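Engineer:
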Amino acid sequence: EEAQEELDVVQGNITAEEVQIAIKLLKSNKAAGLDQIQAEFLKYGGPIVVAKLTDLFNACWRMQAVPEDYFDMRKAMVRPNAGIDWDGQNRLTDLDFVDDIALLAENSYHLQEITSSLHEEAAKVGLHISAEKSKVMHMGAQADMPSIKVDGSDIEEVSRFTYLGSTIGQDGDATSVFQQMCKTCSSASILLSIKLRLYTTIILPMATYAAETQVSLQKHEHLFQVSHTCL
1 EEAQEELDVV
11 QGNITAEEVQ
21 IAIKLLKSNK
31 AAGLDQIQAE
41 FLKYGGPIVV
51 AKLTDLFNAC
61 WRMQAVPEDY
71 FDMRKAMVRP
81 NAGIDWDGQN
91 RLTDLDFVDD
101 IALLAENSYH
111 LQEITSSLHE
121 EAAKVGLHIS
131 AEKSKVMHMG
141 AQADMPSIKV
151 DGSDIEEVSR
161 FTYLGSTIGQ
171 DGDATSVFQQ
181 MCKTCSSASI
191 LLSIKLRLYT
201 TIILPMATYA
211 AETQVSLQKH
221 EHLFQVSHTC
231 L
């Protein structure tokens, strides 16, 4: 039995220098998080802020825990019928994409429940859901579904949604991902080795992005098999 390779992980205390570097890497002009502290305040806080944060992070590291307030938003998902069945025992309630969230539900009634619950919990920490920027999409054959509302405003229902280069449709169609790279893949001036690298590093990740939210159809499996065979 082969010995497993050990990762070189530093298990010592978090240093002030590490915290200072992390603060510098924070993006400015962004909305504050649950703590209502914008990045600019941390950046201009100087040595005192760095020292306080270093103490806090090390306390969390030693106790292997974080303040319960950090999980207040999760209360919105603690409902018997929230989410979708995942493996027969657990339920998947949401997907987090960078600083966005996708709520999952098996019908419009439950989706409205968790949307309203999330809106209420977010309001407690000064956040709100934008009905204008949010979208609703029903997967599969759905007809005459009631609209989802946020604070009295209807959320627009769409049949296709593009996010981070991937298009998710009601029918689970992901073929547009391949079409985006069609000219590059068919170009005779590009070496096959470069095309293979593009396929493995760009096309394949884009095609499978958010695959857990798509309906698995035989035609999609066939497309993947054909693409692998051709390459």
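One point on numbering: in full-length UniProt numbering, the residue at position 188 of the sequence shown is 188, and numbering is uninterrupted.
Note that CB positions come from ideal geometry on N, CA and C, so glycine has one too.
Note that the structure is predicted; figures quoted are calculated from it, not measured.
1. Taking its Cβ as the centre, do 16 or more other Cβ atoms sit within 10 Å of V19, making it buried, or is it exposed?
2. Enumerate in chain order the residues of its own chain whose CB-to-CB distance from Q112 is below 6 Å, with the five nearest sequence positions on each side excluded.
3. In chain order, what residues of the same chain lie with their CB nearer than 8 Å to the CB of N13, ignoring the 5 residues before and after it?
4. Locate the beta strand (DSSP E) running through D100, then write down its first and last residues.
5. Go ahead and pull the three-state DSSP assignment for R79.
6. Using the Cα positions of I48 and Q38, report the straight-line distance between them to the nearest angstrom.
7. Check S153 in the structure and name its three-state DSSP category.
8. Taking Cβ to Cβ, would you say C185 is nearer than 9 Å to Y199?
9. Can you name the residues that DSSP bridges to K135?
10. Mapping the DSSP letters down to three states, classify Y44 as helix, strand or coil.
11. Which first and last residues belong to the alpha helix (DSSP H) in which K195 is found?
12. State yes or no: is the C-beta of A51 within less than 9 Å of the C-beta of A22?
13. Taking C-beta to C-beta, are L26 and K43 nearer than 9 Å?
14. Taking contact to mean 3 or more Cβ pairs, one atom from each stretch, closer than 8 Å, check whether the segment 130-137 and the segment 150-164 are in contact.
15. Just to check my reading of the structure: H138 and Q170 have Cβ atoms closer than 8 Å, yes? What is that Cβ distance to the nearest angstrom?
16. Cα-Cα, which of A31, A32 and F41 is closest to K24?
17. Can you give the Cα-Cα distance for V66 and I168, rounded to whole angstroms?
18. For the candidate residues S189, T115, A123 and Q64, whose alpha-carbon lies nearest to that of N81?
19. How is T15 classed by DSSP in three states: helix, strand or coil?
Structural biologist: According to the data block:
1. Taking the sequence shown and counting its residues from 1, one reaches residue 19 at position 19. Classification for V19: buried.
2. Within the sequence shown, residue 112 is the residue found at index 112, counting from 1. These residues qualify, in order along the chain: I148.
3. Indexing the sequence shown from 1 puts residue 13 at position 13. Result list for N13: N58 and W61, in chain order.
4. Here residue 100 refers to the residue found at position 100 of the sequence shown. Taken as a continuous stretch (DSSP letters only), the beta strand (DSSP E) holding D100 covers D100 to L103.
5. For the purposes of this step, residue 79 is identified with residue 79 of the sequence shown, where counting begins at 1. Three-state DSSP puts R79 in coil, outside helix and strand.
6. As a first step, residue 48 must be located in the sequence shown, where it is residue number 48. As a first step, residue 38 must be located in the sequence shown, where it is residue number 38. Roughly 16 Å separates the two Cα atoms.
7. The sequence position of residue 153 within the sequence shown is 153, counting from 1. S153: strand per DSSP, three-state reduction.
8. Taking the first residue of the sequence shown as position 1, residue 185 is located at position 185. Taking the first residue of the sequence shown as position 1, residue 199 is located at position 199. Going by C-beta atoms, C185 is nearer than 9 Å to Y199.
9. Numbered from 1 along the sequence shown, position 135 holds the residue referred to as residue 135. Answer by DSSP bridge pairing, in chain order: E156.
10. For the purposes of this step, residue 44 is taken as the residue at position 44 of the sequence shown. DSSP places Y44 in coil when its eight states are reduced to three.
11. Stepping through the sequence shown from its first residue, residue 195 is reached at position 195. L192 to L198 is the extent of the alpha helix (DSSP H) around K195.
12. Position 51 of the sequence shown, counting from 1, holds the residue named residue 51. Position 22 of the sequence shown, counting from 1, holds the residue named residue 22. For A51 and A22, no; Cβs fall outside 9 Å.
13. Working through the sequence shown from its first residue, we reach residue 26 at position 26. Working through the sequence shown from its first residue, we reach residue 43 at position 43. Closer than 9 Å, so yes.
14. yes
15. Position 138 of the sequence shown, counting from 1, holds the residue named residue 138. Position 170 of the sequence shown, counting from 1, holds the residue named residue 170. Yes, they are in contact, since the Cβ atoms of H138 and Q170 sit about 6 Å apart, within 8 Å.
16. On the sequence shown, position 24 is the one that residue 24 refers to. By alpha-carbon distance to K24, the top candidate from A31, A32 and F41 is F41.
17. Here the question's residue 66 lines up with position 66 in the sequence shown. Here the question's residue 168 lines up with position 168 in the sequence shown. C-alpha separation (whole angstroms): 35 Å.
18. What you label residue 81 is simply residue 81 of the sequence shown in a count that begins at 1. Closest option to N81, Cα to Cα, is T115.
19. Your numbering for residue 15 matches position 15 in the sequence shown. Of the three classes helix, strand and coil, the one that applies to T15 here is coil, per DSSP.
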